[in-house]
Every structure is written in C-alpha cells, then in structure tokens.
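In my numbering, the protein residues as written are 1 to 366. Here's the structure we're looking at; comments come further down.
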Amino acid sequence: MTQAGDRFGSYPTLTMGVEEELMIIDPVTFDLFPGVQRIRARATSYDLPGPVKTELHASIFELNTPPCATAHEAAASLTALRTGIAEVVAAEGLAFAAAGCHPFARALDQEIVDDERYQHFVGWAGVSAQRQGVQGLHVHLSMPDGETCWTVLEGMLQWLPVILALSANSPWFEGVQNGVHSNRAEILLDLPRTGAPPPCGSYAGWKAWANRLIALGIFEDATRLWWDVRPNPHLGTVEVRIADQPTDVRRSGAFAALIQALAATILEAASAPEVDPARRGDYHHNRWAASHYGPLATLIHPDGSRVASAAELGAELLELVAPAARALGSSDLLTVIAPETCEADIQTVLATPREVAADLVARSVA
Numbered sequence: 001m002t003q004a005g006d007r008f009g010s011y012p013t014l015t016m017g018v019e020e021e022l023m024i025i026d027p028v029t030f031d032l033f034p035g036v037q038r039i040r041a042r043a044t045s046y047d048l049p050g051p052v053k054t055e056l057h058a059s060i061f062e063l064n065t066p067p068c069a070t071a072h073e074a075a076a077s078l079t080a081l082r083t084g085i086a087e088v089v090a091a092e093g094l095a096f097a098a099a100g101c102h103p104f105a106r107a108l109d110q111e112i113v114d115d116e117r118y119q120h121f122v123g124w125a126g127v128s129a130q131r132q133g134v135q136g137l138h139v140h141l142s143m144p145d146g147e148t149c150w151t152v153l154e155g156m157l158q159w160l161p162v163i164l165a166l167s168a169n170s171p172w173f174e175g176v177q178n179g180v181h182s183n184r185a186e187i188l189l190d191l192p193r194t195g196a197p198p199p200c201g202s203y204a205g206w207k208a209w210a211n212r213l214i215a216l217g218i219f220e221d222a223t224r225l226w227w228d229v230r231p232n233p234h235l236g237t238v239e240v241r242i243a244d245q246p247t248d249v250r251r252s253g254a255f256a257a258l259i260q261a262l263a264a265t266i267l268e269a270a271s272a273p274e275v276d277p278a279r280r281g282d283y284h285h286n287r288w289a290a291s292h293y294g295p296l297a298t299l300i301h302p303d304g305s306r307v308a309s310a311a312e313l314g315a316e317l318l319e320l321v322a323p324a325a326r327a328l329g330s331s332d333l334l335t336v337i338a339p340e341t342c343e344a345d346i347q348t349v350l351a352t353p354r355e356v357a358a359d360l361v362a363r364s365v366a
C-alpha cells in the first residue's frame, strides 16, 4: 500500500542510488580539515556525475550517484565521483579519505556545519550528536509500493549484521586501536532510533507509528530515524545504512551489488518472511558481535537455529544471492568481497594512527 505523499513506484523496482560519506584531510598532518564549503564551491566548476552535499561536520562531505538501473552503472558512477572529487580537493590543496571513522581525530573537536538543521540537531542531542564523526555507505533501492518496501526490509534485516562484519572499516578511534572492528556501528547507537526498526508488522503499521510520534513532536520526519535499514517514502526506496564506508571504491560497488541482489532474492521468494518480534533480540546480539569482531564474530544464524562465524555466514549469503546476481549481471562485482576478511584488517597491522590516515588517503583515490 502506497500512501499520500509517498514516491514508491517512481522508478523501476531495484533502481539503485548510492551515497558515500568521505573525510576531508589536511595532506600534511593527515588530520581532519573543515573544508566542506570550499569543496562544494569548487565542485560547481567540475562535471561530476552527482552532487556534493554537507554532513553534520564541516570536515565531511557526501557524494551521491544518480539513480542507476544496474549495480555496474552505480559502481561506474562511484568511481567517476571519486576520481572527480580527487581533482576538486587537490585544487583546494587538500586530500580526502574514505573509512568508517578517522583514526585519530576527536569528533568533539570538529566544527559543525553552519546550517540550521545541524545546529538544531546538536542543540537537541548535544554530545550524542557531536560524537557522530562516522561515515557509512548508504544504498537506496526503489520499491514499487510501501508494503513491498517493508517486506524487503524485514527479509534482509537478519543478514545485515553479516554485511556489517564484512564491511567493518573503523578499528581505530581517537588514536587508539581498541579491539572493535567497527567503532562507527558502536557510536551510532549513541543516538535514539538506531539499530533495528520496531517490528511494526507492515508498512501501514510503520507509517501509523511514525505519524503518531511526529504528531507528538518526538521527531520531525522519517529522516530522523537512523536505523540500519529504513523506509524512505520521500524517495520511494528502502534505504540500507548498515555498512561502514569502504576505502576501496570497488568495495562500495560490491556491497551495493550485494544489497541489491539480496533484495532481489527476497522479492523472488514465494511469500513474505514470517517475523517473530523476539528475533529482534537476535539482531541486537549479532550487530554487537559483528561490530566488535568483524568476520570472526560468532553470530546467530538468520534462521535462528544455530550459530556460525560471520565469515561462514558471509559465504552463505553470497551463495544465497548468486542466482539473483547472475540475473542482474553483477556477479563479477561480488568477487571483491572475501568473507574471511574486512578492510579493518588492513588498518590493524599499521603501527600508528598517522600511518593509517596516510594509507586511507592513498587507497581512497579511485
């Protein structure tokens, strides 16, 4: 069921849009640099295939692909965006880096963008907002209607901790390698309305819940729901937000292709998945374990019957989506993902946070 104001069905089902959140880096110190307005102004002179947007902190910017019919088209757009933005930031005497968080910068020291929505957010959430110096990969998939959106959301939910484990890319936090593979996933939980959405039963049930809380003044609109996956009726998509921001742009394309193929697999199933509200407890455990241990995490299997490592479940997930990936023409993109490792493993072997930052800059260029 699509409700008034929703844009479901605006694009063919599974049309994809991908968002990357990237850090602005001082090329001498490798610290964060609050240069987003300079970069946005400079970017207007370049023919980028998508916009450059602000985020909460002035040292972060967001790149968006246009709507893409295929994962290959999205991967090509991501590469073109990275290549183009490298020229933009270099012209400003700066650099950029892609990862779940900066290895040594303190989020509380970062400048907030001078925009009313961000200033209001920080005024309301305080330190919980200021600590959000973290970056993720967001994948939008167009849905034909709201109920299909909710079916896909519920169907993919139990697999999202596996994707988090394989995408973990933030093992350093404020200069310390603290044993957590995805500090980003941990920090996001400082905010309300994070993790898994409540088991509303249907899109109509979710819409009624959201509208009630909006009417109560709890939040302004559905973009204030920072779940790992959420309906985005304004864009007519299901928005998957679980993955850490990859450093290698090929991995951004690979995770986008994986998420699209998982959604296609769910759509091809004969019936909607049965949802046991108690399984949200499984999700919270799996999310914690995936963020801490990456591919080595012990997770509850999505069917709830046994445990397995995230690496084993990653291989199972790739096998599950293989037929859909072949049909979508994206099988080759998935070969970049090796279930037994993640990009956090590259960072953890480096001796100092400055070495990590320099490596991130080097590997972020397309």
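Where is the CB? At the ideal position from N, CA and C, for every residue including glycine. Predicted model only: the values in this text are computed from it and were never measured.
Kindly list the residues whose CB is nearer than 6 angstroms to the CB of residue i, restricted to its own chain and excluding five residues on each side of it in sequence; keep chain order.
| i | result |
| --- | --- |
| Ala43 | Val52, Val88 |
| Gly17 | Thr65, Pro67, His140 |
| Val349 | none |
| Ser291 | Ser182, Ala185, Glu186 |
| Arg251 | Val336 |
| Ala311 | Pro295, Pro339, Glu340 |
Look up residue i in the DSSP assignment and give the residues it is bridged to.
| i | result |
| --- | --- |
| Leu48 | Paired residues: none, contrary to the question. |
| Gln177 | Trp172 |
| Phe61 | Leu22, Thr54 |
| Leu299 | Ala308 |
| His140 | Gly17, Glu239 |
Closest by CA to residue i, which one among the options?
| i | options | result |
| --- | --- | --- |
| Asp31 | Ile346, Thr151, Gln110, Gly329 | Gln110 |
| Asp282 | Leu299, Arg326, Val36 | Leu299 |
| Ala99 | Pro197, Cys200, Ser170 | Ser170 |
| Ala322 | Ile25, Thr352, Thr148, Ala254 | Ala254 |
| Val386 | Arg363, Gly329, Ala344, Ala358 | With the chain running from 1 to 366 in the structure shown, residue 386 is simply not present. |
| Pro302 | His284, Ser291, Gly294, Tyr293 | His284 |
| Thr247 | Glu147, Leu334, Ala297, Ile346 | Ile346 |
| Asp47 | Trp124, Ala263, Arg280, Ala86 | Ala86 |
| Ala327 | Arg251, Leu258, Ser128, Thr83 | Leu258 |
| Ala333 | Ala256, Glu355, Asp276, Arg279 | One point to set straight first is that residue 333 is Leu, not Ala, in the sequence displayed. Among Ala256, Glu355, Asp276, Arg279, the Cα nearest to that of Leu333 belongs to Ala256. |
To which residues of the same chain is residue i closer than 7 angstroms at the C-beta, ignoring the five residues directly before and after it?
| i | result |
| --- | --- |
| Gly9 | Thr2, Pro144, Asp145, Gly236 |
| Thr265 | Leu320, Val321, Ala324 |
Quick one: Cα of residue i to Cα of residue j, how far?
| i | j | result |
| --- | --- | --- |
| Arg40 | Ala269 | 43 angstroms |
| Ala362 | Ala97 | 8 angstroms |
| Asp196 | Leu157 | Checking the sequence shown, residue 196 turns out to be Ala, not Asp. Cα-Cα distance, rounded: 8 angstroms. |
| Ala76 | Leu216 | 43 angstroms |
| Glu316 | Ala297 | 15 angstroms |
| Thr13 | Asp228 | 21 angstroms |
| Ile218 | Thr352 | 42 angstroms |
| Arg224 | Ala95 | 30 angstroms |
| Ser331 | Gln119 | 43 angstroms |
| Gln177 | Leu189 | 19 angstroms |
| Leu22 | Gly314 | 26 angstroms |
| Pro161 | Gly155 | 13 angstroms |
| Gly84 | Ser45 | 11 angstroms |
Whole-angstrom Cβ separation of residue i and residue j, contact assumed at under 8 angstroms?
| i | j | result |
| --- | --- | --- |
| Val122 | Gln130 | 6 angstroms |
| Ile60 | Val28 | Contact doesn't hold; Cβ gap of about 19 angstroms is too wide. |
| Arg7 | Val365 | Arg7 to Val365, Cβ: 35 angstroms. No contact. |
| Pro231 | Leu153 | 7 angstroms |
Quick one: what's got a C-beta closer than 8 angstroms to residue i's C-beta in the same chain, skipping five residues either side?
| i | result |
| --- | --- |
| Thr15 | Pro67, Cys68, Ala69, Leu141, Ser142 |
Check whether the Cβ of residue i lies closer than 7 angstroms to any Cβ atom in chain C.
| i | result |
| --- | --- |
| Gln177 | This model lacks chain C altogether, as it is built from one protein chain only. |
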